[in-house]
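Protein chains in written order, with numbering that gives the first Met the number 0: chain A, 0 to 109; chain B, 0 to 512.
Note that the Cβ used here is the ideal one computed from N, Cα and C, for glycine as well.
The structure appears right after this line, and notes come after that.
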Amino acid sequence: MIELISESRCTSCNRCVEVCPTGVFDAVDGTIPVIARPDQCQTCFMCELYCPVDAMYVDPCADGHVTVSEQTLIEQGLMGSYARSLGWKKARAGGTENDLTHHLFEIGVT
Amino acid sequence: MSDAHPVAASIVLQADVLVLGGGPAGTWAALSAARQGARVVLADKAYCGTSGAAAASNNNVWYVSDPARHEAEFTERFLSGGSLSERSWTDALLQGAVQQLHLLAKLGYPFPKTEAGVTNYATLRGPDYMRFMRLQIKRAGVQILDHSPMLGLLDYEGRVVGAHGVSRDGGRWQVQANATVMATGGCAFMSGALGTNVCTGDGHLAAGEAGARFSGMEFSNQYGLASSHSSVTKGLPFVWSTYSREDGSEIPIIDDEPFVSVARVLAEEPVFAVFDRASKDIQHWLRSGQANAFLPFDRKGIDPFTQRFPISLLLEGTVRGTGGIRLSGRDCATDVPGLYAAGDVTSREVVVGGRTGGGSPNSAWAIVTGAWAGAAASAFAVPQRSHAPVPLRPTTDLPVFSDPQLSRQVIEQYVWPLQTNLFRNAAGLGLALDVLEKAWHEPANHAAPIAHARSARAMLYVARLGYRSGLRRTESRALHQRIDFPARSDAQQYRQVVAGVDTFTFATDAVAN
Numbered sequence: 000m001i002e003l004i005s006e007s008r009c010t011s012c013n014r015c016v017e018v019c020p021t022g023v024f025d026a027v028d029g030t031i032p033v034i035a036r037p038d039q040c041q042t043c044f045m046c047e048l049y050c051p052v053d054a055m056y057v058d059p060c061a062d063g064h065v066t067v068s069e070q071t072l073i074e075q076g077l078m079g080s081y082a083r084s085l086g087w088k089k090a091r092a093g094g095t096e097n098d099l100t101h102h103l104f105e106i107g108v109t
Numbered sequence: 000m001s002d003a004h005p006v007a008a009s010i011v012l013q014a015d016v017l018v019l020g021g022g023p024a025g026t027w028a029a030l031s032a033a034r035q036g037a038r039v040v041l042a043d044k045a046y047c048g049t050s051g052a053a054a055a056s057n058n059n060v061w062y063v064s065d066p067a068r069h070e071a072e073f074t075e076r077f078l079s080g081g082s083l084s085e086r087s088w089t090d091a092l093l094q095g096a097v098q099q100l101h102l103l104a105k106l107g108y109p110f111p112k113t114e115a116g117v118t119n120y121a122t123l124r125g126p127d128y129m130r131f132m133r134l135q136i137k138r139a140g141v142q143i144l145d146h147s148p149m150l151g152l153l154d155y156e157g158r159v160v161g162a163h164g165v166s167r168d169g170g171r172w173q174v175q176a177n178a179t180v181m182a183t184g185g186c187a188f189m190s191g192a193l194g195t196n197v198c199t200g201d202g203h204l205a206a207g208e209a210g211a212r213f214s215g216m217e218f219s220n221q222y223g224l225a226s227s228h229s230s231v232t233k234g235l236p237f238v239w240s241t242y243s244r245e246d247g248s249e250i251p252i253i254d255d256e257p258f259v260s261v262a263r264v265l266a267e268e269p270v271f272a273v274f275d276r277a278s279k280d281i282q283h284w285l286r287s288g289q290a291n292a293f294l295p296f297d298r299k300g301i302d303p304f305t306q307r308f309p310i311s312l313l314l315e316g317t318v319r320g321t322g323g324i325r326l327s328g329r330d331c332a333t334d335v336p337g338l339y340a341a342g343d344v345t346s347r348e349v350v351v352g353g354r355t356g357g358g359s360p361n362s363a364w365a366i367v368t369g370a371w372a373g374a375a376a377s378a379f380a381v382p383q384r385s386h387a388p389v390p391l392r393p394t395t396d397l398p399v400f401s402d403p404q405l406s407r408q409v410i411e412q413y414v415w416p417l418q419t420n421l422f423r424n425a426a427g428l429g430l431a432l433d434v435l436e437k438a439w440h441e442p443a444n445h446a447a448p449i450a451h452a453r454s455a456r457a458m459l460y461v462a463r464l465g466y467r468s469g470l471r472r473t474e475s476r477a478l479h480q481r482i483d484f485p486a487r488s489d490a491q492q493y494r495q496v497v498a499g500v501d502t503f504t505f506a507t508d509a510v511a512n
């Protein structure tokens, strides 16, 4: 579930408020958005992808909240790691051309 | 929950075609209608582009470019799906998928290519695909209403003429349209399966209230494998999985669907998996196409190819099960004039029978029925444009709501469990139905947000359709397995059709040769 919006990285663009499918975030005048309804998070990782500054962290634990440390996540290279593995950069889509799934079709997987 | 209806809407729009739902089926319907010259409004309960099962996932599409292979594709699905699918629908779907995917390439979607430079049309990466579709429909002039859940349809003399709903700020919206395409997705009962917590059956309930009929609702009990505590129900890596009990003893796969063999044990004790049958090459190919499948492992420091991990099954309901609104033909019309339907909200039995449509058939179905529905809705609606606006009323006098907490509690206890929903018998289904009916008749909690209270009722509705249909099919066929009727009955080789809201009537559709 969503565990972190980095105060130092977030630019208050409020893209996460717009794209979250389950209404987890609220925009706040003059400051960064707030995780207003954390229990509605469905752990779909979409906010991470659409964050242009890698300020968000969604923990894969979907059935309860865990405590995270921003410093540790940065050291482990986990801030923005999903976007990087897809080839998205600064919330711009990219990387589909590197998908090798056709090899699985060639060995008979459908 | 504030006053239900009538309420003066703060957004009032007129369109030729209203599309409800902004996933693959909805965006294809909108694109197709707009390309034919219709004025289109698309409303999504969340954000068109991230909303739903497809956006959060990776989508392989049933793409068969050689018509000579259609026979074999049909036969395989006919046998595995309990002999309920039809050759003519399969042919039309496969042809339609090729046509639409080639259109997608022409519009500029960056399909991957093989090393030999051949385009792989069969792989659509969810976040990229749905973002691209949003851009395409905007370019085509479609007006998008994000964060705008639908509460019900509008009626004029037995025709569906649009819908009404609620906006994020609590205001109301209403769109009048001569044709409406229902593309709200399947219902996964808020089980937490990847991206599906917006798939709560809202469209099923609204369509049912307007008089639409449903087919195959007994085949609504597909489950998805996920590592425990995670949301990521991505099936592909599990193709290379070995399953074991806590003591390390291997669990043999004895069923057509591997998840059923896992479920037999998981209903009683923990089950573990490891993707140890994947070679280094396969690991590399999987990671290249399924990045999010590995997030739960990479972020917890687990190597799923060598280390075993506990697994769960999350109910995917009609998202990857196969029941839904019955289409009356390949124009994707429903049994209600003015109402069309596409994608996971519809029954996919005509192409996959009673087996899961998960994976490539559902992706192809969403694209092709979306395109068909959009074209037919446009052809129906545009010639009526010059007519004077008609007086509108909701299809039900008051939209009806249920208590979200009660609905969730009942669904967790009687719809999610494998013991009731997968391994079925008359006693279990009957008990669950008693509880579901009681919850159905409970008044709503007036403090709940209106859209949540509507979804709470919609999930109860879909569960009731599923279990009523399941109780009537006194045999075992494909996903619908009855402990008390373990054999297939040749006399029941038909598709079961159900209609109604508070009470239900049943009919059958013969399977055409």
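Every unbroken stretch of the alpha helix (DSSP H) spanning 4 or more residues and falling wholly within the stretch 234-313 of chain B is given here in chain order: 257-265, 279-288, 294-297. Taken in chain order, the whole alpha helix (DSSP H) runs of length 4 or more contained in the stretch 17-70 of chain B are 23-34. Counting along the chain, isoleucine 410 of chain B sits inside no beta strand (DSSP E); it lies in the alpha helix (DSSP H) bounded by residues 403-413. In chain order, Pro20 make up the part of chain A whose C-beta sits under 7 Å from the C-beta of serine 50 of chain B. Sequence-ordered contacts of the stretch 182-207 of chain B with chain A read Gly191, Leu193, Gly194, Thr195, Asn196, Val197 [C-beta pairs closer than 8 Å]. Here phenylalanine 379 of chain B is not bridged, per DSSP, to any residue. The C-beta distance from valine 350 of chain B to tryptophan 88 of chain B rounds to 5 Å, short enough to fall under 8 Å. Within the DSSP secondary-structure output, glycine 356 of chain B pairs in no beta bridge. Of the residues B:Tyr108, B:Arg124, B:Ala71, the one whose Cα lies closest to the Cα of asparagine 291 of chain B is B:Arg124. Annotation: leucine 326 of chain B is outside any alpha helix (DSSP H) and is labelled neither H nor E by DSSP.
Counting only residues of its own chain and dropping the five nearest sequence neighbours on each side, alanine 498 of chain B has a CB closer than 6 Å to the CB of Arg212, Thr504.
Cβ-Cβ distances below 7 Å link arginine 329 of chain B to Ala91, Trp371 in the same chain, with the five nearest sequence neighbours on each side left out; the list follows chain order. When rounded, the separation of the alpha-carbon atoms in cysteine 9 of chain A and phenylalanine 400 of chain B is 38 Å. The stretch 184-192 of chain B and the stretch 308-320 of chain B touch, with no fewer than 3 CB-CB distances between them shorter than 8 Å. Between the stretch 424-440 of chain B and the stretch 379-388 of chain B there are fewer than three inter-stretch CB-CB distances shorter than 8 Å, so the stretches are not counted as touching. Per DSSP, reduced to three states, the secondary structure at isoleucine 106 of chain A is coil, with no helix or strand assignment. Alanine 53 of chain B is positioned such that its CB atom lies closer than 8 Å to that of tyrosine 128 of chain B. Against chain A, the beta carbon of leucine 294 of chain B has neighbours under 7 Å at Phe44, Pro59, Tyr81, listed in chain order. Under the three-state reduction of DSSP output, valine 500 of chain B falls in the coil class, being neither helix nor strand. Shown here, histidine 479 of chain B sits in a strand according to DSSP, grouped into three states. For the beta strand (DSSP E) assignment, the uninterrupted runs of no fewer than 3 residues enclosed by the stretch 168-196 of chain B are, from N- to C-terminal side, 171-181. Taking 8 Å as the CB threshold, alanine 35 of chain A stays off the interface with chain B. DSSP, read as helix, strand or coil, puts methionine 149 of chain B in strand. Contact between serine 359 of chain B and asparagine 59 of chain B is confirmed by a C-beta separation of about 5 Å, below the 8 Å threshold.
In this structure the stretch 89-101 of chain A does not lie against the stretch 298-306 of chain B, because fewer than three pairs of beta carbons, one per stretch, are closer than 8 Å.
Looking at B:Gln495, B:Arg453, B:Ile410, B:Asn512, the one whose alpha-carbon comes closest to that of arginine 463 of chain B is B:Ile410. DSSP, read as helix, strand or coil, puts proline 393 of chain B in strand.
Rounded to the nearest whole angstrom, the C-alpha separation of alanine 45 of chain B and threonine 183 of chain B is 11 Å.
The beta-carbon separation of serine 454 of chain B and threonine 199 of chain B, rounded to 4 Å, stays under the 8 Å limit for a contact.
Per DSSP, reduced to three states, the secondary structure at glycine 63 of chain A is coil, with no helix or strand assignment.
Closest option to valine 461 of chain B, judged by alpha-carbon separation, among B:Thr502, B:Ser475, B:Ile449: B:Thr502. For glutamate 2 of chain A, the three-state secondary structure derived from DSSP is strand.
For lysine 437 of chain B, the three-state secondary structure derived from DSSP is helix. Looking at the backbone, the Cα of proline 269 of chain B and that of glutamate 245 of chain B are separated by about 6 Å.
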